[in-house]
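Each residue of the sequence shown is one higher than the one before, starting from 329 at the first, in this note's numbering.
Taking it in order: structure first as structure tokens, then the write-up.
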Amino acid sequence: MKSGLEKGNTKSMQITVSPEMTASFDGRLIHPVLSTVAMVYHMEWVGRLIIEPYLDEGEEGIGAEVQVKHCLPAPIGVEVVFEAEVVDLTERRVVCRVTASHGHGVVGEGEFVQRIVSREKLYEKFRELSSDGQ
């Protein structure tokens with residue numbers, strides 16, 4: 329990894345909850361609010377944004393662990409801010425505290441761990457697993 333990534337580095341992004349982000353299964357709406365799946369997706373995305381500028385040529389970041397609590401609903405149309413902060417890192421591992429919030433409080437919070445790996449080895453593993461499954 330390139331230098332500059334440190335504990336305390338942050339990144340944020342804002343989304344507006346849309347119908348596609350709601351709690352739905354098999355096309356059936358369960359609740360008209362931000363689903364846990366969509367919340368985790370955006371937490372992972374904002375964590376990814378932290379590491380991207382620091383990846384060396386041939387490196388890739390992969391999600392390794394996610395632990396979150398879903399605390400408040402976020403209805404359709406509500407703006408939600410996602411924030412990630414680096415709380416621990418080594419040469420091959422980055423841990424971010426992730427939060428989602430809106431005007432009424434914390435929607436979700438947790439931790440997202442990414443591993444930094446060789447892109448070549450990662451895609452080699454993808455090919456290996458794809459050929460084993462056929």
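Heads up, the beta-carbon is just placed ideally off N, CA and C, and yes, glycines get one too.
- Judged by pairs of C-beta atoms under 8 Å, the stretch 338-353 touches the stretch 405-416, as three or more such pairs exist.
- In the DSSP assignment, Glu393 falls within the unbroken beta strand (DSSP E) covering 387-398.
- DSSP places Ser459 in the helix class (H, G or I) of the three-state scheme.
- Contact holds between the stretch 394-409 and the stretch 423-438, because three or more Cβ pairs, one in each stretch, are under 8 Å apart.
- Ranked by Cα distance from Ala402, the first of Ser331, Lys453, Thr364, Tyr451 is Thr364.
- Non-local beta-carbon contacts of Val434 in its own chain, meaning distances under 8 Å to residues more than five positions away in sequence, involve Cys399, Leu400, Thr427, Ala428 in chain order.
- Across the set Ile358, Glu387, Leu383, Gly436, the C-alpha of Leu383 shows the shortest separation from the C-alpha of Gly332.
- Bridge pairing for Thr338: Glu413 [DSSP].
- A direct Cα-to-Cα measurement between Leu362 and Met329 gives close to 34 Å.
- Secondary structure of Gly405 (DSSP, three-state): coil.
- Beta-bridge partners assigned by DSSP to Thr364: none are found.
- Contact between Val441 and Ile404 fails: their C-beta atoms lie close to 31 Å from each other, not under 8 Å.
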